[in-house]
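Line by line, the protein sequences are chains A, B, C, D and E. Adding 1 to a residue's 1-based position in the first sequence gives its number in the numbering used here. Adding 1 to a residue's 1-based position in the second sequence gives its number in the numbering used here. Adding 1 to a residue's 1-based position in the third sequence gives its number in the numbering used here. Adding 1 to a residue's 1-based position in the fourth sequence gives its number in the numbering used here. Adding 1 to a residue's 1-based position in the fifth sequence gives its number in the numbering used here.
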Amino acid sequence: MIKCAFYLAPDGKLLDQPDMEQIKGFLVGGEGLLWLDIEDVTNEDAELLSNVFCFHPLAVADCISKNIHPPKIDDFDDYLFVIVHGINYHIESDVVETTELALFLGKNYVVTTHDVPMRSTSSVFSRVQANGRHMRRGAEFLAHDILDALVDNIMPTIDEMNDKSATIEDEALHEPKRETLKSIMQLKRSILAIERILSPQRRVIDGLSRSEYALIGERSQIYYRNIYDHLLRMEMLTYNLRDMVEGALNTYLSSVSNRMNEVMKVLTLIATIFIPLTFVAGIYGMNFANMPELQWRYGYFIILIVMAVIGISLAVHFRRRRWF
Amino acid sequence: MIKCAFYLAPDGKLLDQPDMEQIKGFLVGGEGLLWLDIEDVTNEDAELLSNVFCFHPLAVADCISKNIHPPKIDDFDDYLFVIVHGINYHIESDVVETTELALFLGKNYVVTTHDVPMRSTSSVFSRVQANGRHMRRGAEFLAHDILDALVDNIMPTIDEMNDKSATIEDEALHEPKRETLKSIMQLKRSILAIERILSPQRRVIDGLSRSEYALIGERSQIYYRNIYDHLLRMEMLTYNLRDMVEGALNTYLSSVSNRMNEVMKVLTLIATIFIPLTFVAGIYGMNFANMPELQWRYGYFIILIVMAVIGISLAVHFRRRRWF
Amino acid sequence: MIKCAFYLAPDGKLLDQPDMEQIKGFLVGGEGLLWLDIEDVTNEDAELLSNVFCFHPLAVADCISKNIHPPKIDDFDDYLFVIVHGINYHIESDVVETTELALFLGKNYVVTTHDVPMRSTSSVFSRVQANGRHMRRGAEFLAHDILDALVDNIMPTIDEMNDKSATIEDEALHEPKRETLKSIMQLKRSILAIERILSPQRRVIDGLSRSEYALIGERSQIYYRNIYDHLLRMEMLTYNLRDMVEGALNTYLSSVSNRMNEVMKVLTLIATIFIPLTFVAGIYGMNFANMPELQWRYGYFIILIVMAVIGISLAVHFRRRRWF
Amino acid sequence: MIKCAFYLAPDGKLLDQPDMEQIKGFLVGGEGLLWLDIEDVTNEDAELLSNVFCFHPLAVADCISKNIHPPKIDDFDDYLFVIVHGINYHIESDVVETTELALFLGKNYVVTTHDVPMRSTSSVFSRVQANGRHMRRGAEFLAHDILDALVDNIMPTIDEMNDKSATIEDEALHEPKRETLKSIMQLKRSILAIERILSPQRRVIDGLSRSEYALIGERSQIYYRNIYDHLLRMEMLTYNLRDMVEGALNTYLSSVSNRMNEVMKVLTLIATIFIPLTFVAGIYGMNFANMPELQWRYGYFIILIVMAVIGISLAVHFRRRRWF
Amino acid sequence: MIKCAFYLAPDGKLLDQPDMEQIKGFLVGGEGLLWLDIEDVTNEDAELLSNVFCFHPLAVADCISKNIHPPKIDDFDDYLFVIVHGINYHIESDVVETTELALFLGKNYVVTTHDVPMRSTSSVFSRVQANGRHMRRGAEFLAHDILDALVDNIMPTIDEMNDKSATIEDEALHEPKRETLKSIMQLKRSILAIERILSPQRRVIDGLSRSEYALIGERSQIYYRNIYDHLLRMEMLTYNLRDMVEGALNTYLSSVSNRMNEVMKVLTLIATIFIPLTFVAGIYGMNFANMPELQWRYGYFIILIVMAVIGISLAVHFRRRRWF
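This is the structure:
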């Protein structure tokens with residue numbers, strides 16, 4: 002489905018559906034800028050890419066495939082083929098889904114393809130619809146706007162993870178449950194997933210921001226550099242996040258073992274106090290014919306007192322050694 | 002055993018067995034493409050490689066040896082000698098077996114040797130048998146097809162491991178057994194083995210995709226780059242797999258220790274409630290002559306109630322402190 | 002809020018508030034040095050930066066934004082745009098707050114902006130107020146002084162952490178409490194945060210200390226190198242700190258498990274001595290009609306002695322095996 | 002002790018003891034190849050190296066010293082000074098001993114020195130004795146043969162470790178003993194020791210296999226590359242070994258804790274079943290005057306049945322919760 | 002305090018105290034070599050460095066400061082300023098103290114400064130006093146001798162640590178005490194400290210041994226390379242040390258947990274055997290009116306035998322399952 006087609010002649014024109022003839026004419030040497038955004042590439046779309054734009058078969062194959070490819074730049078002289086990753090974060094299940102944006106950057110056109118709807122392309126598209134100015138600066142700036150929107154869309158996910166991480170740490174400290182561990186491990190995995198997305202991405206954007214590619218002029222490089230800085234900042238934040246999550250894991254483990262220790266200590270307290278006392282009671286439960294104490298008038302009371310003394314002094318002793 | 006020999010003159014010809022004279026003639030300056038695929042290299046085959054193709058003795062020695070050599074490219078000007086690794090994965094025992102493909106790439110020939118049957122060479126061979134078109138593009142493209150098939154054959158293994166990993170994680174959470182740990186450790190080892198295969202391989206393919214070697218033209222480099230991207234993608238996937246397996250290991254360990262803790266808590270519950278009660282019973286089992294309570298009319302019943310009160314209040318206390 | 006504006010003509014002049022006309026005139030080709038330090042950049046300030054100084058919109062955007070950007074140098078030919086990080090350390094809560102200083106270094110001016118008050122700029126400012134000499138050496142030296150102050154302000158934090166780490170290690174050894182673990186983990190996080198601040202910073206200063214930028218002459222490079230050495234030294238110190246904290250963590254964990262082991266050993270001692278004795282008492286509490294020992298004259302005393310012997314020999318046995 | 006001296010004139014000559022005059026004459030410009038292999042360098046040998054061969058004092062000092070030096074190549078224009086490491090593996094004590102071979106490679110001579118007898122030099126020596134052909138290819142090939150033998154001698158050690166590692170893993174699974182842990186840790190240390198020997202060695206051989214040194218011609222470089230490949234392969238194998246040993250360690254730890262858990266579970270089973278029953282028996286052991294049940298005709302049998310019911314239902318309950 | 006001043010004219014002259022005039026004259030163009038070794042730099046010394054030698058203020062500041070700076074080389078064209086680290090190891094407290102040596106290497110002079118007495122400078126000084134020959138080879142060789150002595154002084158520390166590590170490992174295996182853990186952790190920290198000293202040092206010496214600095218001629222580079230090799234060797238040794246210490250830590254932890262397990266097993270043995278027996282005794286301690294067994298003639302003896310059978314069979318059962 003070709004979601005949108007755009008055209009900016011000296012007088013600015015907007016097309017709902019791409020008109021093949023017009024596009025062909027334009028590509029030959031038209032002035033202005035054309036943007037095609039294709040969601041869920043069909044065979045028909047693929048033919049458009051292959052035959053009208055004459056993109057390399059391997060690049061077109063990457064667009065058709067539903068797999069997630071690693072971020073990269075391929076320089077085909079006439080156009081750049083860029084693959085970058087966005088994020089779809091489902092906060093309740095804490096799953097980070099990677100989405101792929103393929104972008105062809107030519108002299109007077111930008112073609113973007115993706116398998117699922119992407120907030121970045123649609124938001125830039127709305128902005129462009131509202132104001133043609135965004136197109137006037139040329140293809141390299143339009144590509145920048147799209148990539149910038151894609152990268153900025155990762156930020157809210159990191160913020161949400163930050164909040165979640167704080168919640169989990171609190172839970173780990175005050176009421177460690179089995180679910181807490183599961184959440185911690187899930188969150189850690191999500192953070193690792195984001196790190197793995199950010200760092201190759203950063204290398205791609207770094208490439209674009211240097212004077213390696215003829216299609217990206219010096220004037221726009223600093224803007225690509227800016228995206229690079231954003232990615233770097235996000236990486237710093239994910240490192241902090243990982244620290245937090247590892248802290249939460251340690252807190253959880255120590256909370257759990259602390260509770261267990263508490264339980265064991267109570268067992269020990271009860272057992273070490275009552276086992277000797279029970280033994281004493283056992284002695285005077287014996288049926289020997291000749292046990293003088295049993296005949297004493299206050300034998301029973303004396304022995305009760307003796308037991309109390311033993312019990313209390315054991316408890317005091319344990320208290321003093323800071324066991325309880 | 003020379004499993005197959007192929008020859009494509011301007012008019013396309015297929016040989017069942019290599020004809021030495023023909024080959025010698027062809028190698029001198031024949032147009033077209035020759036592919037020899039040798040399985041389990043014999044001394045006779047080795048002589049063919051040494052005397053007819055005049056390959057370097059060290060390269061021929063690598064082909065004969067049954068050892069697995071690290072992936073590499075040796076540039077002998079007239080031909081490239083490439084070693085790459087494939088995978089044989091036995092899912093039930095979860096063992097990753099590395100297989101080795103040695104490939105000589107000359108101007109108008111490709112020679113492949115391997116110790117065990119390989120799906121990659123045989124599938125390309127069938128395709129070539131069905132359609133000569135694959136040979137027409139020249140040696141560098143035939144070599145690409147073989148390497149591409151080899152690399153793509155690793156993917157199903159990663160998918161299977163993915164499934165297995167999910168199964169194991171589930172098992173670790175719901176019924177941790179000793180076998181679960183063994184499976185986790187075995188799977189982790191397999192994943193590490195695959196990582197170790199992928200990453201040097203990637204460096205070899207990276208070398209082929211750059212303009213380092215005269216035998217690989219600019220037109221085919223982008224195709225080798227494509228294999229490189231596949232390998233990169235698989236590496237990303239194995240990293241995720243490793244995360245999953247480490248998560249499973251943590252889940253297993255925490256499941257096991259959780260069960261143990263549960264067991265210990267029940268012991269503590271029973272012991273801390275009944276030890277004091279038994280002590281009380283012990284007291285009234287003593288045989289002192291003068292124990293007034295024993296003569297009370299409802300002494301027995303009173304003491305039963307006292308015991309019940311002690312027992313219940315201890316249980317309530319533990320419950321309140323969330324121990325059970 | 003523009004906290005201060007400074008101007009040094011051949012005769013040295015000090016301005017309380019920047020005079021736009023004067024600044025514009027000076028920037029064109031004035032001799033001397035101008036320093037603007039802007040805290041909490043307002044829209045008005047941003048316009049000053051954009052229109053009067055003609056800084057690049059992206060750099061100005063970085064100054065306005067309240068986010069912490071990663072340290073970097075952007076070279077805009079006429080001026081350098083540098084972002085570096087300072088530290089605000091709250092010792093009681095052990096939180097390391099990163100503060101950001103943005104610095105524009107031109108031929109005859111330095112502009113610094115920051116969101117929160119910074120000790121480094123204010124201390125250099127006071128020094129400059131007291132003695133114009135600091136301005137006479139030119140922009141690159143003023144920028145050096147500010148960066149130097151910023152970096153030196155990190156040192157006391159490391160010292161404080163050092164003290165704290167020693168205290169915590171002591172506490173972990175002698176009275177491990179739950180709070181100790183929390184402190185250790187918090188301190189570790191703070192140290193990691195400082196490491197993450199120091200190491201990209203070092204790369205930025207390294208860049209300034211090499212002959213990469215036209216605005217920083219050879220004469221001042223050695224001074225920037227000096228800042229670099231300070232940062233390196235701090236990194237070495239933070240590595241040591243991390244060792245100490247990890248040592249403290251190990252000490253804590255081993256202290257806690259030691260105490261638990263001690264508790265368990267006492268339980269075992271008491272239980273293993275008294276359980277057999279209670280059994281013996283139980284035997285002679287049985288009500289069989291025919292139990293000869295019960296009728297012996299000294300049966301009771303003999304059995305008491307037997308029990309004492311059993312108890313003492315068990316205790317001696319355990320003592321010998323070094324359990325207690 | 003100069004174990005052997007060799008000389009190959011156009012007509013092939015073999016010397017038992019080096020003849021100083023002959024050697025001096027040969028070194029000036031003799032055609033052929035001289036090989037001196039010195040075991041346990043004496044002062045006299047050192048003078049030979051210093052005065053006749055005119056080797057650099059630092060190189061000679063390295064030969065005399067009994068210390069193990071890190072692998073390196075020193076290029077003294079007229080000759081290369083190479084230090085490489087061999088392995089002596091004592092399988093019963095599982096100790097990896099590093100041995101050092103120092104090798105001087107000149108235009109028409111090779112001098113090797115070592116402190117202990119080395120299989121690599123002696124085996125090459127025997128081959129040379131048997132067949133002069135090995136000397137005919139020149140110094141660089143003789144040096145290659147010696148280094149190749151040295152590196153190949155590491156392989157059997159890795160194989161033995163592989164066997165040992167499998168044995169240990171089995172032991173860890175089926176009968177974990179304290180000795181098992183010691184073996185695992187010892188084996189791990191040996192593997193680390195081998196890794197540390199292989200990886201700097203590889204860098205040295207890598208240097209020799211590139212066109213960095215005038216004394217090693219293009220024709221022989223591919224042979225040095227072959228040694229490099231062997232080292233790379235061994236490194237891959239040691240990585241696998243390390244995985245196996247770490248797996249064995251995990252198996253051991255989990256086996257031990259499994260056994261402990263089993264023991265604890267039996268304790269819990271016995272205690273939780275019998276403690277309540279003992280309490281019941283304790284109740285009817287009390288001596289209250291008025292305990293109606295005691296007078297019932299079948300009171301005793303009823304209570305026995307009650308106890309059996311309690312005990313069995315507890316056991317069933319535990320069984321159902323999969324504790325046993 | 003200027004501990005020593007040295008001067009070697011063609012005829013060799015020795016000064017006890019530096020004579021300013023003579024030094025000034027010499028520095029202008031004197032032939033020979035001057036060595037000043039300053040311990041605990043005073044303000045007066047600093048002036049000498051600044052005014053007579055005209056060293057850069059930052060280098061002089063580094064000499065005055067009591068802080069430990071990271072190793073580095075600063076090239077001021079006329080002289081090199083080198084900072085390297087020595088070690089003071091207190092074996093009883095196992096503390097590694099880093100000491101700093103600052104060295105100025107000029108054409109005809111060497112100036113060394115340090116805060117504490119250093120064995121390396123004083124030993125070279127004695128050698129120089131005994132034999133002027135050491136000065137005759139020029140400044141670069143004197144600097145080499147000092148650095149060589151400094152580096153060699155690290156070796157005994159590593160040897161001592163090696164011994165200590167073996168002692169500790171033994172202790173960990175045979176009598177693990179709390180102090181053992183503390184020693185292990187302290188030793189590990191010392192080893193890490195040494196690693197951190199060696200590795201940046203190595204980079205400094207590596208710089209000196211390459212042809213980067215005009216003041217260090219080709220002839221002496223191989224000698225600096227030799228120091229580099231020593232440092233490399235020490236690094237290898239510290240890696241082995243770290244392995245040993247980590248082995249000791251594992252041994253300790255497993256020894257401690259082994260002892261605990263042993264203790265727990267005894268508890269379990271005693272408890273699981275006596276708890277059922279006590280229950281049996283409890284049954285026959287009940288006071289039911291109608292308990293036929295109690296009236297049997299040999300009831301008591303039968304029940305004693307029953308108990309013995311139960312106890313022994315439990316013990317045998319446990320023995321068989323290898324618990325004890």
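C-beta atoms are modelled at their ideal positions from N, C-alpha and C, and glycine is treated no differently.
Assuming residue i contacts residue j (C-beta within less than 8 Å), just tell me the rounded distance between them.
{"i": "V97 of chain E", "j": "I88 of chain E", "result": "6 Å"}
{"i": "L81 of chain D", "j": "Y214 of chain D", "result": "6 Å"}
{"i": "H231 of chain B", "j": "D153 of chain B", "result": "7 Å"}
{"i": "S256 of chain C", "j": "P177 of chain C", "result": "4 Å"}
Mapping the DSSP letters down to three states, classify residue i as helix, strand or coil.
{"i": "F142 of chain B", "result": "helix"}
{"i": "A316 of chain C", "result": "helix"}
{"i": "H70 of chain D", "result": "coil"}
{"i": "I217 of chain C", "result": "coil"}
{"i": "H135 of chain E", "result": "helix"}
{"i": "H175 of chain E", "result": "helix"}
{"i": "I276 of chain C", "result": "helix"}
{"i": "A47 of chain A", "result": "helix"}
If we call anything under 8 Å between Cβ atoms a contact, is residue i one with residue j?
{"i": "A316 of chain C", "j": "I276 of chain A", "result": "no"}
{"i": "G283 of chain B", "j": "T252 of chain A", "result": "no"}
{"i": "M287 of chain B", "j": "G312 of chain A", "result": "no"}
{"i": "V112 of chain D", "j": "A140 of chain D", "result": "no"}
{"i": "H70 of chain A", "j": "I223 of chain B", "result": "no"}
{"i": "I192 of chain C", "j": "T239 of chain C", "result": "yes"}
{"i": "E101 of chain E", "j": "H91 of chain E", "result": "no"}
{"i": "M162 of chain A", "j": "L188 of chain A", "result": "yes"}
{"i": "V264 of chain C", "j": "K266 of chain A", "result": "yes"}
{"i": "N68 of chain C", "j": "R203 of chain A", "result": "no"}
{"i": "H145 of chain E", "j": "Y225 of chain E", "result": "yes"}
{"i": "S121 of chain D", "j": "L151 of chain D", "result": "yes"}
Among the options, which one has its Cα closest to the Cα of residue i?
{"i": "A249 of chain B", "options": "B:P118, B:D164 and B:I155", "result": "B:D164"}
{"i": "N227 of chain D", "options": "B:V61, B:Q130 and B:E263", "result": "B:V61"}
{"i": "M39 of chain A", "options": "A:P118, A:D171, A:H145 and A:V281", "result": "According to the sequence displayed, residue 39 of chain A carries Ile and not Met. Comparing Cα positions, the closest option is A:P118."}
{"i": "I195 of chain A", "options": "A:M237, A:V281 and A:L254", "result": "A:M237"}
{"i": "P72 of chain C", "options": "C:D79, C:T99 and C:L49", "result": "C:T99"}
### Message
Threshold first: 4 residues or longer. Then list the alpha helix (DSSP H) segments lying entirely within the segment 222-265 of chain C, N to C.
### Response
Counting only runs of 4 or more, we get nothing.
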